[in-house]
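Right, dumping it as structure tokens:
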């Protein structure tokens, strides 16, 4: 049995939605935030002020003092940061669902991924407990350290490969971005009829909350599930003037109908 | 200013998910449940037992004593019940989102619709407060009475036409049944990769809860919203073996991209 040395100091590369909340939470949990770097200097300064950290002037100027470097920037900015990162032998993670561990060249012997599967917005407080953190690392000791950090912050960690993480991210797009697109479509359609979207809010919340108790296949209801041909035809008819939604309606109806009903 | 006589007694036609919860709530709120009728006698008996009601042996044998008759059965069973209903001059409502008021022949002078826009399951307690009740009636006095009943139970009523209600119901299918189809699809895809659906649950709950603060168009995030062509192409590639989801992915991505970003 080996004991894992807990990480006690981190530097943050990025000061966006995730870095913002993560930095504050780590600070709150007693870790030392050594430095914050962001190309947008005022964001770095604001986050550094809140976490007692210094501001790094550039990636190249980062201090070697942190035990872990967390890259929390937009996906397409990661490769450039890795290219310029001065300490390939130090523990460093990116936080992206869609990017593989191999974004780090093999010289990065303690590279990892620490991807919290949740959507973050600066303005909104985060309830960290229960957020799944997807973890991958080049070596077992690093994976253990990242797992400890995950357990400390959210209590919920999953080890997975880069390929699995890509699927988790695709799933996230489906259940979050695409559900939200359906909400937006319904909002637009209802507004055209002089109706308020707030009509649908309790149902949306209940549909999500039900998943705490039932797998989604068992929670499926509606005209498609019960093969109510009359209602389906009427809805497709109503959507005549919205061919993009008519198409989505008919394809999702087909998907629901063709999947065997859950027991 | 006229005062509305509050309804103090109802009979229930149907003993399914909605009738079950509604009957118990009305009883709990002090209304008298006169009778329950259901073609499935044991359901009627169970609900009658819980609400101090009598069981009606048939529609034709319903007592004339109730101030309001609530038809809460599957859509396709409503016409037959209306045909057999013995008191066309009494206050009677159906509770369907997709069926028009005109399902009641014109002889039904006090017909109405009382449609609570939520999904009900017998096993699950209902939090009635805030559930929007969509109301329509043949005359103003009846509409007032139905509105009072709605306010008593949920505090939230909307008057709308049959056409508007059909749109509200279509919106409900989109945000609830279709979102749930996306949840099911993601569950299936993740399971194929050895991943648990519970990975996605916090994100699903957050995506829904966010709508309390932001209209859905403003809450939209993800690769489609930020035009992340590389991630979109990778996801479409991953879905090669699931053409039905590949199609949904590409169409919803198109819809998100083509809608002007909310300010």
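Chains as they are written, first to last, in the numbering used here: chain A, 1 to 263; chain B, 1 to 263. Glycine included, C-beta positions come from ideal geometry on N, C-alpha and C.
Confirm, please, whether the CB-CB distance from residue 64(A) to residue 37(A) is below 8 Å.
-> no
Find the nearest neighbour of residue 90(B) within the set 141(B), 152(B) and 123(B), judged by alpha-carbon distance.
-> 141(B)
Top-ranked residue by Cα proximity to residue 119(B), from 224(A), 205(A) and 242(A) = 205(A)
Does residue 158(A) get closer than 8 Å to chain B when you measure Cβ to Cβ?
-> yes
8 Å contact criterion, which residue 200(B) and residue 130(A) should meet: CB distance rounded | Contact doesn't hold; Cβ gap of about 12 Å is too wide.
Measuring only between beta-carbons, confirm whether residue 259(A) sits less than 8 Å from chain B.
-> yes
Have a look at 58(A), 94(A), 44(A) and 51(A) and flag the residue whose alpha-carbon is nearest the alpha-carbon of residue 84(A).
-> 58(A)
From residue 1(B) to residue 160(B), what distance separates their C-alpha atoms?
-> Reliability of the predicted coordinates at residue 1(B) is poor, the pLDDT of 45 falling under 50, and no value is obtained from them.
What's the call for residue 187(B), buried or exposed, on a 16-neighbour Cβ count within 10 Å?
-> buried
Coarse secondary structure for residue 143(B), derived from DSSP in three states = helix
Using a Cβ-Cβ cut-off of less than 8 Å, give me the residues of the stretch 132-144 of chain B that come near chain A, in sequence order.
-> 132 and 134
Where do the ends of the alpha helix (DSSP H) carrying residue 207(A) lie?
-> 201-209
Between which two residues does the beta strand (DSSP E) containing residue 12(B) stretch?
-> 9-13
Interface residues of chain A facing residue 78(B) [CB-CB closer than 8 Å] | Those within 8 Å of residue 78(B) in chain A number zero; the least Cβ separation is about 12 Å.
Note down, in chain order, every chain B residue with its Cβ under 7 Å from the Cβ of residue 61(A).
-> By Cβ distance, chain B contributes nothing, its closest Cβ being about 29 Å from residue 61(A), past 7 Å.
Under 9 Å Cβ-Cβ, which residues of chain B neighbour residue 248(A)?
-> 174, 178, 248, 251, 252 and 255
Quick one: any contact between the stretch 212-225 of chain A and the stretch 174-185 of chain B, if contact means 3 or more CB pairs under 8 Å?
-> yes
From residue 39(B) to residue 108(B), what does the alpha carbon distance come to, in whole angstroms?
-> 23 Å
Taking 8 Å as the threshold, find out whether the stretch 136-154 of chain A comes into contact with the stretch 1-17 of chain A through three or more Cβ pairs.
-> yes
Please determine, among 31(A), 9(A), 27(A) and 41(A), the residue with the shortest C-alpha to C-alpha distance to residue 15(A).
-> 41(A)
Straight-line CA distance for residue 237(B) to residue 25(A)?
-> 36 Å
Is the CB of residue 98(B) under 8 Å away from at least one CB in chain A?
-> yes
By DSSP, does residue 126(A) sit in helix, in strand, or in coil?
-> coil
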